[in-house]
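Okay, structure first, notes after.
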Amino acid sequence: MKAHGTWKIKKDDSNTLLIKVNGAWNKEAAVLFSNEFKQIASTITNEPWAILISVQNAEIPIPEAMDVLQQLNEWSITNGCRCEASIVSLFAHEEVFKRTRAKKVQQQQRGEQVNAQLDYEQRIFLSLSEGIDFLAEKGIKLATPISDVKTWFSK
0 MKAHGTWKIK KDDSNTLLIK VNGAWNKEAA VLFSNEFKQI ASTITNEPWA ILISVQNAEI
60 PIPEAMDVLQ QLNEWSITNG CRCEASIVSL FAHEEVFKRT RAKKVQQQQR GEQVNAQLDY
120 EQRIFLSLSE GIDFLAEKGI KLATPISDVK TWFSK
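Residue 42 in numbering that gives the first Met the number 0 sits at position 43 of the sequence shown, and the numbers go up by one each step.
So, in structure tokens, the structure goes:
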């Protein structure tokens with residue numbers, strides 16, 4: 000089946016992946032995205048990294064795509080991702096992020112015992128500025144000027 004949904008990914012010099020997602024995603028799109036994401040994230044070696052993602056122009060993905068995205072979140076945490084700022088336009092998107100979080104993160108948020116304390120936090124915001132501020136609070140200052148980041152996300 001043909002992939003449905005689009006995205007773009009850019010690695011900022013601060014070791015932050017800037018991601019914009021558009022449209023309705025099927026499993027094929029999620030797999031292609033996951034492969035591209037891993038290829039780019041794999042260029043960050045021996046350093047923690049972060050994600051700034053906007054799904055403001057995306058629709059809710061089908062369950063099979065959410066399974067792929069949950070596996071990608073597991074991979075991200077295992078491979079050094081320490082925080083994620085997710086920008087949404089609909090509160091329905093917030094539910095998607097909750098359902099695709101790594102299983103260890105879900106367990107920790109429910110207060111269940113996990114094998115190791117996770118050094119990872121994901122927060123959901125309604126504006127790009129709030130997401131950027133959250134990353135700054137976590138010690139991640141984007142290398143790209145904020146105005147350029149906002150322009151990149153607006154295209």
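Quick reminder that beta carbons are idealized off the backbone N, C-alpha and C, glycines included.
- For a cut-off of 8 Å, the C-beta gap from Ile52 to Ile86 is around 7 Å, short enough to register as a contact.
- The beta-bridge partner set that DSSP reports for Val20 consists of Trp6.
- With respect to the C-alpha of Thr42, the residue from Ile18, Asp11, Ala2, Asn72 having the closest C-alpha is Asp11.
- Counting along the chain, no alpha helix (DSSP H) covers Leu51; the unbroken beta strand (DSSP E) around it starts and ends at 48–57.
- Taken through DSSP and simplified to helix, strand or coil, Thr42 comes out as coil.
- Ser33 sits in a helix when the DSSP states are folded into three classes.
- Residue range 127–136 is occupied by the alpha helix (DSSP H) that includes Ser128, with no beta strand (DSSP E) assigned at that position.
- Judged by DSSP in its simplified three-state form, Ile86 adopts strand.
- In this structure, DSSP gives Asp147 a helical state, which the three-state scheme calls helix.
- Per DSSP, the beta bridge partners of Gln121 are Glu83.
- A straight line joining the alpha-carbon of Asn45 with that of Gly79 spans about 8 Å.
- Note that the region 26–41 touches the region 70–79; at least 3 beta-carbon pairs, one per stretch, sit closer than 8 Å.
- By the CB criterion at 8 Å, Thr15 and Leu125 fall outside the cutoff.
- Ranked by Cα distance from Gln70, the options Lys9, Ala84, Val30 are led by Val30.
- Inclusion of Met65 and Glu27 in the CB contact set at 8 Å is not warranted, their separation being larger than that value.
- Here Asn25 is near His3, since their CB atoms are less than 8 Å apart.
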